[in-house]
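Residue numbers (my numbering), protein chains in the order written: chain A, 51 to 304; chain B, 2 to 325.
Next comes the structure, spelled out in structure tokens:
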């Protein structure tokens, strides 16, 4: 099918470009590592059971970090697209018969590939640094959640990039949206100790579900209902964002 | 007919000002196979917008077109397979080599992998990119990059190639090179639709051209036909004072068909454009007549009609000034 062939074409070119300068893949990995190494130890000495860390300090913190990395890892992919738009590369490709959706999917799948790689490295390093045992089944399922988040965020970022076409417009927008979402996800401290009104707000945040699901999976609690809830929500969100973003690639008003 | 349009229109609605900008107002044109067709006009005339509509990059607000035998609005994918498009600023990524971009281009046009590589080699030779084809594009000069842009547009052997301002910003040598390459494209069976605001380019390259201004086609034909519309020569006289008297006297002269006074420049000098039958014979008579009335011309210029004169006649403005 043309869409599959075209997506593979765009994907392999984008991956090729990444492999040429892999330094960025590791730079993006350092962010969560800072939290792990410089914040994590604080949790070791706190009364975490009372603070709602049901699985233990690091066992609750690390999966949250992975979700944080998933949320932000691909969110800024749009900036790269803005550079490509400016160079005229996107315009050149849109004149060819290549599928418009493939232009988006190929790039998003590239982002997701590097994200999953980073997530695995982060988990392995956390295992070593914090002395955690890794539940491999749980990890595998958690990577699916990471994949869904990464796909959605990457698509959203590209869609915004196609709309705004300017770093100056995009940066403030992204920063304004991401801060509250991050804080309402319970990544740094679980929301179980939050006041009721805060927890109600979090009920509307799909990423809060993702964090809870990640915590359950990471610690082998595979029958926890929050897992399929998160999966369904994130899959729907990803599909919606890919659809919306794909349309931006198809029609251009200027 | 390679291209046929009817009432092609593009209107932008500006978000802030809530007013409409009509970039292209009902363009009707046709382009034949095997010709180099040109759009000549000042910046902002709607040339690029029209080109982008015809190459499927931009949706027309209204109007229809057939490009390469396909309906532009209903069969965009087929149109894309038949045409090539080279934008004003090109579209290459600095971190890869020309060869890689050429192969990728072939793949985007659904050519099988092996064929892409042989075709890339062919194109490299045809456009003389051999020396630097395997170096990263960010190191290319402006002229080299432009050659690559055009080369990329031809990888899939399109029937028609759109070139938007192909020589803008190039040094004279690269320009001459580009003109040769455009002619060669026609020799090899690719029709070309180019836009330009350079008169000499339109004159030298185009088999047929359309002059476009403010989103509308003002006049079209071969360069020769257009210039013949202004039969005779043009004499331009700079007058400082006694302007009205000079105009009256010159209009009375039998071989002067028309006198058009221009606007005064900062020093108060007005250029009178005279359309005369035979310039070289007219000039001595003109000077004698003015001298008899004690009017001293500050400058005098004689030339055969150029496309700028065609533009000026049709729109009342000089293309040269508009392009500044």
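Each residue gets a CB set at the ideal place from its N, CA and C atoms; glycine is no exception.
So with CB distances below 7 Å, who are the chain B contacts of residue i?
i: residue 217 of chain A; result: Those do not exist, as residue 217 of chain A stays about 18 Å from chain B at its closest Cβ, beyond 7 Å.
i: residue 148 of chain A; result: 109
i: residue 138 of chain A; result: 88, 90, 91 and 92
i: residue 141 of chain A; result: 58, 88 and 92
i: residue 297 of chain A; result: None at all; the shortest Cβ gap to chain B is about 13 Å.
i: residue 265 of chain A; result: Within 7 Å Cβ-Cβ: nothing; residue 265 of chain A doesn't reach chain B, min ~40 Å.
Identify the contact partners of residue i in chain A, using a Cβ-Cβ distance below 9 Å as the criterion.
i: residue 130 of chain B; result: Near residue 130 of chain B there are no residues of chain A at all, since even the closest Cβ is about 17 Å away, more than 9 Å.
i: residue 96 of chain B; result: 67, 70 and 71
Closer than 9 Å, CB to CB, is residue i near chain A or not?
i: residue 105 of chain B; result: yes
i: residue 56 of chain B; result: yes
i: residue 85 of chain B; result: yes
i: residue 78 of chain B; result: yes
i: residue 82 of chain B; result: yes
i: residue 194 of chain B; result: no
i: residue 153 of chain B; result: yes
Taking C-beta to C-beta, are residue i and residue j nearer than 9 Å?
i: residue 142 of chain A; j: residue 92 of chain B; result: yes
i: residue 114 of chain A; j: residue 237 of chain A; result: yes
i: residue 97 of chain B; j: residue 67 of chain A; result: yes
i: residue 241 of chain A; j: residue 109 of chain B; result: no
i: residue 195 of chain A; j: residue 263 of chain A; result: yes
i: residue 195 of chain B; j: residue 166 of chain B; result: yes
i: residue 60 of chain B; j: residue 30 of chain B; result: no
i: residue 197 of chain B; j: residue 155 of chain B; result: no
i: residue 192 of chain B; j: residue 37 of chain B; result: yes
i: residue 119 of chain A; j: residue 78 of chain A; result: yes
i: residue 237 of chain B; j: residue 302 of chain B; result: yes
i: residue 311 of chain B; j: residue 273 of chain B; result: no
i: residue 327 of chain B; j: residue 32 of chain B; result: No answer is possible for residue 327 of chain B: it lies beyond the span of chain B, which begins at 2 and ends at 325.
i: residue 157 of chain B; j: residue 105 of chain B; result: no
i: residue 153 of chain B; j: residue 101 of chain B; result: no
Just checking: is the beta-carbon of residue i within a distance shorter than 9 Å of some beta-carbon in chain B?
i: residue 190 of chain A; result: no
i: residue 100 of chain A; result: no
i: residue 59 of chain A; result: yes
i: residue 87 of chain A; result: no
i: residue 305 of chain A; result: Coverage of chain A is limited to positions 51 through 304, which leaves residue 305 of chain A absent and any answer about it impossible.
i: residue 284 of chain A; result: no
i: residue 173 of chain A; result: no
i: residue 134 of chain A; result: yes
i: residue 144 of chain A; result: yes
i: residue 304 of chain A; result: A caution first: residue 304 of chain A carries a pLDDT of 47, below 50, which makes its placement in the model unreliable, though a value can still be read off. It does; some Cβ of chain B falls within 9 Å.
i: residue 249 of chain A; result: no
My output table needs one value for residue i: the three-state DSSP class, helix, strand or coil.
i: residue 160 of chain A; result: helix
i: residue 31 of chain B; result: strand
i: residue 281 of chain A; result: helix
i: residue 304 of chain B; result: strand
i: residue 192 of chain B; result: strand
i: residue 140 of chain A; result: helix
i: residue 149 of chain A; result: coil
i: residue 1 of chain B; result: Only positions 2 to 325 of chain B appear in this structure, which leaves residue 1 of chain B out of reach.
i: residue 211 of chain B; result: strand
i: residue 197 of chain B; result: strand
i: residue 72 of chain A; result: coil
i: residue 128 of chain B; result: coil
i: residue 75 of chain B; result: coil
Going along chain B, which residues have a C-beta under 9 Å from residue i?
i: residue 301 of chain A; result: 60
Shorter than 9 Å from the beta carbon of residue i to some beta carbon of chain C?
i: residue 155 of chain A; result: The structure shown contains no chain C; its protein chains are A and B.
Which residues in the same chain have their Cβ closer than 6 Å to the Cβ of residue i, if we skip the five residues on either side of it in sequence?
i: residue 291 of chain A; result: 202, 205 and 206
State yes or no: is the C-beta of residue i nearer than 8 Å to some heavy atom of the ligand GDP?
i: residue 94 of chain A; result: For the structure depicted, the ligand GDP is absent and the ligand set is empty, with no information on it obtainable.
Quick one: what's got a C-beta closer than 7 Å to residue i's C-beta in the same chain, skipping five residues either side?
i: residue 197 of chain A; result: 162 and 166
i: residue 316 of chain B; result: 214 and 219
i: residue 81 of chain B; result: 57
i: residue 136 of chain B; result: 98
i: residue 69 of chain B; result: 3, 80, 83, 84, 160 and 161
Show which residues of chain A have a CB atom less than 7 Å away from the CB atom of residue i.
i: residue 158 of chain B; result: Per Cβ cutoff of 7 Å: no residues; residue 158 of chain B is ~13 Å from chain A at best.
Less than 8 Å between C-beta atoms, sequence neighbours within five positions excluded: which residues of the same chain meet that for residue i?
i: residue 182 of chain A; result: 108, 109, 112 and 176
i: residue 52 of chain B; result: 40, 86, 163, 165, 194 and 196
i: residue 233 of chain B; result: 258, 276, 277, 278, 279, 280 and 306
i: residue 309 of chain B; result: 200, 319, 320 and 321
i: residue 24 of chain B; result: 11, 12, 13, 47, 50 and 216
i: residue 180 of chain A; result: 86, 90, 108 and 112
i: residue 93 of chain A; result: 103, 107, 108 and 111
i: residue 89 of chain B; result: 49, 165, 166 and 169
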